[in-house]
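J.:
There are 2 protein chains.
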Amino acid sequence: MKTPKPISDLIQNFERLPGIGPKTAQRLVFYMLRFPQEELDKFGQNIAELKTKTKICSVCKNIDQEDPCCICSDSSRDIDLIAVVTTPLDLYALERAGFKGLYHVLHGVIDPLNNIGPEEIYLKELLSRIDDISPTADAPLELLMATNTGMEGESTAIYISRAIREKGYSNDIIKITRIARGLPVGGDVEYADDLTLHRALEGRSNFDL
Amino acid sequence: MKTPKPISDLIQNFERLPGIGPKTAQRLVFYMLRFPQEELDKFGQNIAELKTKTKICSVCKNIDQEDPCCICSDSSRDIDLIAVVTTPLDLYALERAGFKGLYHVLHGVIDPLNNIGPEEIYLKELLSRIDDISPTADAPLELLMATNTGMEGESTAIYISRAIREKGYSNDIIKITRIARGLPVGGDVEYADDLTLHRALEGRSNFDL
């Protein structure tokens, strides 16, 4: 008895997703056999329409139904502050944290070990966007590097900073900042790793009450 | 910024699957944004066709593209032996283990705590299938209870055995058997739980070399 083709085909589709192995894929598909047909139709349609009904914002590369996206077209946002993030999920996280500036979504990090160079992410687009804005000392721009704090995120942030300085934008025209690295809220000093604690010491701030 | 509707709809679809929470669903959907459109089309189509292109075998309730399924229509199988299993996945497991009889797939277990009674599984169909076969003392039938060895599987096996005896089929007409419960191959006696070891002692067999 071989698994019927409609079932094995769908198992293969699920296996392509991250964190889903052959056993899990099999379990999911057999579970779906209990779904009513309308739900399967809707599920299938949503997958087929995932990319056709969404757009990549031509300004910030965020994913939305409109272009420019609802953030770029929101006049109440702080247009002097652009957060550079890796994925749209990072953008949502910053939104939940109350960030009020604009974004630039790179859709990846520079990761030479996985053959991802600066050309594979939306970096060229960030640089030409900055040229379009053409900030000056009177109307400076803050570029907040909000990439992950792991090795690839750090080196991507460094690479971008250098590329901007090489284009001749000095610190009083474009101020480049980095999200703080330190102990997470609720974290214990005792259990913090050395590097995190080192960053937390470096980034110490005034505590005047 | 709210998640665009085509994305949040698909996240909801994924959340309905077992073992997939909101965070995982979100990660899967954003990962799928990188898939080429043809792959999304095919994935969606496979989901919509999962049930329309498969059938439940009218004899054994296995899922296949044909009815009767390829096992029920295979004349080389041992028709005097029917394994009662809970799901098609259990059937595949027995096939891999070299089982050569027929099957009956219950599609569930009796589980009163989750409101699943004997009517919710293919039990009535098993009993009428046995009546159709009408085994006799000259042409007896072996019914192998291959349900899981947990509480629900055990009690489902007991319930079915009783139902068959109540219909008047004696042991020399229908022999009811149960898969052996004991130590898994490679298992340590030291670490076996008490109940498993108890079953292994009860089910001890001759060991003449």
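These protein sequence lines map, in sequence, to chains A and B.
Each position in the first sequence, counted from 1, maps to that position plus 2 in our numbering.
Each position in the second sequence, counted from 1, maps to that position plus 2 in our numbering.
All residues carry an ideal CB built from backbone N, CA and C; glycine is no exception.
Here the structure is a predicted model, which is why all the values come from computation and not from measurement.
How would you write the range of the beta strand (DSSP E) that A/E144 sits in, first residue to last?
T.: 143–147
J.: Can you give me the C-alpha to C-alpha distance between B/T149 and B/Y161, rounded to a whole angstrom?
T.: Here the alpha carbons of B/Y161 and B/T149 stand approximately 12 angstroms from one another.
J.: Report the CB separation of B/I181 from B/L146 in whole angstroms; it is logged as a contact under 8 angstroms.
T.: 7 angstroms
J.: Cα-Cα, which of A/Q28, A/R18, A/I84 is closest to B/L19?
T.: A/Q28
J.: Along chain B, in chain order, which residues have C-beta atoms closer than 7 angstroms to that of A/L146?
T.: Within chain B, no residue comes near A/L146; the closest Cβ sits about 16 angstroms away, beyond 7 angstroms.
J.: Ends of the beta strand (DSSP E) at A/T158?
T.: Segment 153–168 is the alpha helix (DSSP H) holding A/T158; no beta strand (DSSP E) there.
J.: Counting C-beta neighbours from all protein chains within 10 Å, is the total for A/L30 16 or more, i.e. buried, or is it exposed?
T.: Answer is buried; the Cβ neighbour count reaches 16.
J.: In the DSSP assignment, find the unbroken beta strand (DSSP E) run with A/L83 in it and report its ends.
T.: 80–87
J.: Are the CB atoms of B/I49 and A/F45 nearer to each other than 9 angstroms?
T.: yes
J.: Using a Cβ-Cβ distance under 9 angstroms, would B/D69 count as near chain A?
T.: no
J.: May I ask you to list, following chain order, the residues of the region 44–59 of chain B that have a beta carbon less than 8 angstroms from some beta carbon of chain A?
T.: K44, F45, G46, Q47, N48, I49, A50, E51, L52, K53, T54, K55, T56
J.: Pick from A/I9, A/E204, A/G100, A/A99: whose alpha carbon is nearest that of B/Y94?
T.: A/I9
J.: Can you tell me which of A/I166, A/I112, A/D113 puts its alpha carbon nearest to the alpha carbon of A/S130?
T.: A/I166
J.: Need the endpoints of the beta strand (DSSP E) that A/G103 sits in, please.
T.: 103–107
J.: Please report how far the alpha carbon of A/C71 lies from the alpha carbon of B/Q39, in whole angstroms.
T.: Cα to Cα, the separation comes out at about 22 angstroms.
J.: If I'm right that B/L83 touches B/G103 with Cβ under 8 angstroms, what's the distance once you round it to whole angstroms?
T.: With 8 angstroms as the limit, B/L83 and B/G103 qualify as a contact, their Cβ atoms being about 3 angstroms apart.
J.: Step through the CB atoms of chain A and report whether any lies within less than 9 angstroms of the CB of B/T5.
T.: Cβ-Cβ to chain A under 9 angstroms: yes for B/T5.
J.: Under 9 angstroms between the Cβ atoms of A/Q67 and A/K53?
T.: Not in contact: A/Q67 and A/K53 (Cβ atoms no closer than 9 angstroms).
J.: Among the candidates A/G152, A/A99, A/L211, A/C62, whose CA atom is the shortest distance from the CA of A/V111?
T.: A/G152
J.: So the candidates are B/L115, B/V107, B/P137; which of them puts its Cα closest to the Cα of B/C74?
T.: B/V107
J.: Just checking: is the beta-carbon of A/D80 within a distance shorter than 9 angstroms of some beta-carbon in chain B?
T.: no
J.: With a threshold of 9 angstroms between beta carbons, is B/N150 in contact with chain A?
T.: Residue contact check for B/N150 against chain A: no CB pair falls below 9 angstroms.
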